[in-house]
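A quick write-up on the structure given underneath.
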Amino acid sequence: MAKCIHTMIRVVNEEKSVAFYKTAFGLDVADRFDFEGFTLVYLRNAEADFEVELTVNKGRTEPYDPGDGYGHLAVAVDDLDAEHARFKAAGLAPRDIVAFEREGTLLARFFFVQDPDGYKIEVLQKHGRYR
């Protein structure tokens with residue numbers, strides 16, 4: 001079977017993006033490969049092997065347009081309320097927590113946050129299928 005190993009997003013400012021993902025999700029630089037026209041930065045933490053790959057195209061100064069095809073990246077946390085408070089205290093401007101129900105049963109509790117390039121990340125309470 002195939003194993004998902006990373007998602008790639010294009011970012012304008014490597015330093016700001018690395019700092020955001022470190023502060024928000026505890027992701028550290030696992031590898032960094034510098035090429036003539038671009039740099040690849042792989043971020044991960046001890047919780048999972050799945051990585052966020054930041055692609056920094058050299059000379060790019062204009063923000064990328066995520067377009068209407070990109071949805072979001074999702075992460076699961078043990079304590080959503082504590083994480084939401086931590087995000088707020090860190091100045092990451094999370095949206096309000098939402099409880100999503102289906103037929104009267106809690107499906108998910110979550111909030112969204114955006115990284116410096118406007119990519120949306122959903123932060124879900126570990127519950128049900130979201131582990």
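The numbers in the UniProt record's numbering rise by one with no breaks, and the one at position 40 of the sequence shown is 40. The C-beta atom is built at its ideal place from N, Cα and C for all residues, glycine as well.
Check the DSSP bridge columns for residue i and list the partner residues they point to.
{"i": "Glu101", "result": "Leu106"}
With a CB to CB cut of under 6 Å and the five nearest residues on each side skipped, what residues in its chain are close to residue i?
{"i": "Pro116", "result": "Lys16, Ser17, Phe20"}
{"i": "Phe111", "result": "His84, Pro94, Arg95, Ile97, Val123"}
Can the beta-carbon of residue i be found closer than 9 Å to that of residue j?
{"i": "Ile6", "j": "Val56", "result": "The question names Ile, but residue 6 in the sequence shown is His. The answer is no: Cβ separation not under 9 Å."}
{"i": "Leu107", "j": "Ala24", "result": "no"}
{"i": "Ala30", "j": "Arg44", "result": "yes"}
{"i": "Gln114", "j": "Leu80", "result": "no"}
{"i": "Phe100", "j": "Pro94", "result": "no"}
{"i": "Phe33", "j": "Lys58", "result": "no"}
{"i": "Cys4", "j": "Phe35", "result": "no"}
Less than 8 Å between C-beta atoms, sequence neighbours within five positions excluded: which residues of the same chain meet that for residue i?
{"i": "Glu62", "result": "Val12"}
{"i": "Arg131", "result": "Ala76"}
{"i": "Arg109", "result": "Leu80, Ile97, Val98, Ala99, Phe100, Leu124, Gln125, His127"}
Identify, in the order they occur along the chain, each residue of the same chain with its Cβ nearer than 7 Å to the Cβ of residue i, setting aside the five sequence neighbours on each side.
{"i": "Leu27", "result": "Tyr21, Leu43, Arg44, Asn45, Val52"}
{"i": "Pro66", "result": "Gly118, Tyr119"}
{"i": "Asp78", "result": "Lys126"}
{"i": "Met8", "result": "Glu53, Thr55"}
Residue ranges of each alpha helix (DSSP H) run of no fewer than 4 residues wholly in the UniProt domain "VOC" (3-126), ordered along the chain?
Counting only runs of 4 or more, we get 14-25, 80-89.
Taking three-plus beta-carbon pairs below 8 Å as touching, is the stretch 120-129 in contact with the stretch 72-80?
-> yes
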